[in-house]
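Residue numbers (my numbering), protein chains in the order written: chain A, -1 to 330; chain B, -1 to 330. To keep things clear, I will list the structure first and then write my remarks on it.
Number of protein chains: 2
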Amino acid sequence: MSTYKAINLIARPEPGPITPKYFEVVEKDIPKAEPGQLLIKQTHMSLDPAMFGWMSPATDSYIPPVELGSVMRSSGIGEVVESNHPDFAAGDRVMGMLGWQEYALSEGQGINKVQAPLPDETVLSIFALPGLTATQGLFNIGKPKAGETLIVTGAAGSVGSLVGQLAKADGLTVIGVAGSDEKCDWIVNELGFDAAINYKSGNLSEQLDALTPNGIDLFFENTGGPIQNLIFERMNNHGRIVVCGMIADYSKAEPSPGPNWIPLIKKRITVQGFAMPDHFHQVPELLAKLTPYVMEGKIKHRSHILEGLESAIDGLNLFFTGENKGKLIVQL
Amino acid sequence: MSTYKAINLIARPEPGPITPKYFEVVEKDIPKAEPGQLLIKQTHMSLDPAMFGWMSPATDSYIPPVELGSVMRSSGIGEVVESNHPDFAAGDRVMGMLGWQEYALSEGQGINKVQAPLPDETVLSIFALPGLTATQGLFNIGKPKAGETLIVTGAAGSVGSLVGQLAKADGLTVIGVAGSDEKCDWIVNELGFDAAINYKSGNLSEQLDALTPNGIDLFFENTGGPIQNLIFERMNNHGRIVVCGMIADYSKAEPSPGPNWIPLIKKRITVQGFAMPDHFHQVPELLAKLTPYVMEGKIKHRSHILEGLESAIDGLNLFFTGENKGKLIVQL
């Protein structure tokens, strides 16, 4: 085979589901690695909610958007098949922003060798964007303390499941909010969360009251949606709210209003949004923080594998429907 | 005269204007200072928006509420008329939480001598709660940088007018939001703000667009109200929002919703509420920070003086109507 497939972004998504009309699938000749370049055959690529920001117009996003007509941005893992770059050799296993394509030509920038003897899915699920995001958001922004109560939305998601396990390992009481009984069962019985709330069923106020008798000190927000305000009302004095994702609102033409700010004063609460591109220079220290938890066996994960490059397009909608079970990964 | 007047809080205010039904005016015998005590004749007492918190039920407030049947809490300045306390002597000029009363008996706790050769109104307007609040909120939470754009609501108020002048002295572009043309004129032409917006007139979006061509880096929120969302929309990346007061919402049964949190992520914004009781241990450092600005003549103020103890009750409503011109002070 001397050609490979790539997917370009060709239009900025409107509110609503992601459809093929925003993309074009192209077939290209597999290039040669010129001096200073390496050619990577991608084996697994990661789908992340951050992609909705990358597809949006510049004014709306925290890093430059994907230019229309260019390969859609994504992180991935693969094998160097040809190297004319001094730092890499054929056969190296590497990770980086490889894009929605089967082969990627690179000058080595942002490409890191993967040494850990772990499966590709594990590397992408824990040590890539989700793990970095969970580590930065929980520790550097949320400042958790043993004995506190943390609640995390999107708790069965790639970031939320790590946040909860890291907090649990540090001695917090951890409540997860997820969108199905199956997910709730997984985070409690497999991951060891103290409790879970299925936000689609039952009386949410009553469940929150029962599960957070001492209030909530730390709220790690991955989703938005109606439960946000109910959690906000239960925040303790000096509470911290880490705003990492608002997936329930990304596809809405008119995002829902947030909570009134009076409790921020009365309870001296801090609400802080963050995005990983601000923290890429901290990656070594974030990995140094995260790795011991993984090595001590405190972090479990599961991957939801889609097959083939084109499955990425419709795969993005799983973030909206919440039907993904674990980290979304496209196997090439 | 061997009696004095005091005002007790006897009911928790409902939403709506403050009326005399929440208070009782009592006449008491002027007490003697027992060993360890001092008797203070109060000359001026301060009215502050924080009082609405102090009058509310415990669950709603950041320091213990005023107990029903007790003297209403307030800060004030006065003269020691009799002392049986080793640290104070008759004739000392002192400041502290003296309450709504003409005489206060104290054991010295939280009572500080006033040495500065400044009028009572100036001391209460700059060095009491408003100055401490402005200094803590602006510098320690807002972290202003020269060249940035700051917008402050309640800009002609006791805290807002100081925030704007301190920021201006540090090289920021300062826009004030106030509720009358007279106040806007004062903050621009007397205090030196770069511009002002009367939130009661004109097209607020257009005015904000014209006055903040480079967006807003720092938003010091004293009021809430509809302009909040318009300011929020114009925040820059890495913007900081200091939430100090929400006076427009305190008297509402149903507070208005706040902005959706998506921009907190996209722009990596921090929103932080604070209240001075958390920072009373920092008072010496706050005064050390504030004093040079005052001594260098960079801080102007004006006081709105009410006459007589009972004027405090209806005086609180001036915070809601915005009719006060400068720091509200009751002269006894």
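Note that the Cβ used here is the ideal one computed from N, Cα and C, for glycine as well.
Contact defined as beta carbons within less than 8 Å: I believe residue i pairs with residue j. What is the distance between those atoms, to the nearest angstrom?
i, j, result
"residue 276 (chain A)", "residue 260 (chain B)", "With a Cβ gap of about 17 Å, residue 276 (chain A) and residue 260 (chain B) do not count as contacting."
"residue 148 (chain B)", "residue 215 (chain B)", "7 Å"
"residue 37 (chain A)", "residue 65 (chain A)", "With a Cβ gap of about 22 Å, residue 37 (chain A) and residue 65 (chain A) do not count as contacting."
"residue 125 (chain B)", "residue 287 (chain B)", "12 Å between Cβ atoms; not a contact."
"residue 165 (chain B)", "residue 176 (chain B)", "About 15 Å separates the two Cβ atoms, so there is no contact after all."
"residue 330 (chain A)", "residue 100 (chain A)", "5 Å"
"residue 267 (chain A)", "residue 239 (chain A)", "6 Å"
"residue 93 (chain A)", "residue 69 (chain A)", "With a Cβ gap of about 17 Å, residue 93 (chain A) and residue 69 (chain A) do not count as contacting."
"residue 197 (chain A)", "residue 223 (chain A)", "7 Å"
"residue 199 (chain B)", "residue 122 (chain B)", "The Cβ separation is near 31 Å, so there is no contact."
"residue 253 (chain A)", "residue 256 (chain B)", "The Cβ separation is near 12 Å, so there is no contact."
Should residue i be flagged as near chain A, meaning a C-beta pair shorter than 9 Å?
i, result
"residue 182 (chain B)", "no"
"residue 266 (chain B)", "yes"
"residue 262 (chain B)", "yes"
"residue 81 (chain B)", "no"
"residue 167 (chain B)", "no"
"residue 197 (chain B)", "no"
Compare the C-beta of residue i with all C-beta atoms of chain B and state if any pair is closer than 9 Å.
i, result
"residue 258 (chain A)", "yes"
"residue 12 (chain A)", "no"
"residue 270 (chain A)", "yes"
"residue 226 (chain A)", "yes"
"residue 0 (chain A)", "no"
"residue 255 (chain A)", "yes"
"residue 101 (chain A)", "no"
"residue 247 (chain A)", "yes"
Could you give the DSSP three-state label for residue i: helix, strand or coil?
i, result
"residue 233 (chain B)", "strand"
"residue 58 (chain B)", "Because residue 58 (chain B) carries a pLDDT of 48, less than 50, the predicted location of this residue cannot be relied on, and the following value inherits that uncertainty. Helix, per DSSP."
"residue 197 (chain A)", "coil"
"residue 49 (chain A)", "helix"
"residue 272 (chain A)", "coil"
"residue 299 (chain A)", "coil"
"residue 14 (chain B)", "coil"
"residue 100 (chain B)", "coil"
"residue 360 (chain A)", "Since the displayed chain A opens at -1 and closes at 330, residue 360 (chain A) lies outside it and no answer follows."
"residue 217 (chain B)", "strand"
"residue 267 (chain A)", "coil"
"residue 72 (chain B)", "coil"
"residue 319 (chain A)", "helix"
"residue 1 (chain A)", "strand"
"residue 179 (chain B)", "helix"
"residue 327 (chain A)", "strand"
"residue 159 (chain B)", "helix"
"residue 85 (chain A)", "coil"
"residue 225 (chain A)", "helix"
"residue 173 (chain A)", "strand"
"residue 293 (chain A)", "helix"
"residue 8 (chain A)", "coil"
Spatial neighbours of residue i within its chain, please: C-beta separation below 7 Å, excluding the five flanking residues on both sides.
i, result
"residue 203 (chain A)", "228"
"residue 168 (chain A)", "142, 144"
"residue 189 (chain A)", "159, 162, 163, 298"
Which same chain residues, not among the five before or five after residue i, have their C-beta less than 6 Å away from its C-beta?
i, result
"residue 119 (chain B)", "301, 327"
"residue 345 (chain B)", "What the structure shows of chain B is the stretch from -1 to 330, and residue 345 (chain B) is not part of that stretch, so it cannot be assessed."
"residue 318 (chain B)", "249"
Between which residues of its own chain and residue i is the CB-CB distance below 8 Å, once the five residues before and five after are set aside?
i, result
"residue 82 (chain A)", "31, 32, 33, 34, 35, 36"
"residue 53 (chain A)", "7, 10, 11, 20, 63, 64, 70"
"residue 49 (chain A)", "70, 71, 72, 314"
"residue 274 (chain B)", "48, 127, 130, 131, 134"
Q. Of all the residues that make up the region 114 to 147 of chain A, which are near chain B by a beta-carbon distance shorter than 7 Å?
A. none
**Q.** Chain-ordered residues of the region 233 to 245 of chain A with a beta carbon less than 9 Å from chain B
**A.** Within the region 233 to 245 of chain A, those residues whose Cβ lies closer than 9 Å to any Cβ of chain B are, in chain order, 235, 236, 239, 241, 242, 243, 244.
Q: Output, in sequence order along the chain, the residues in the region 204 to 223 of chain A whose CB is closer than 8 Å to any CB in chain B.
A: 219, 222
Q. If contact means a Cβ-Cβ distance below 8 Å, which residues of the region 271 to 283 of chain A contact chain B?
A. 271, 272, 273, 276
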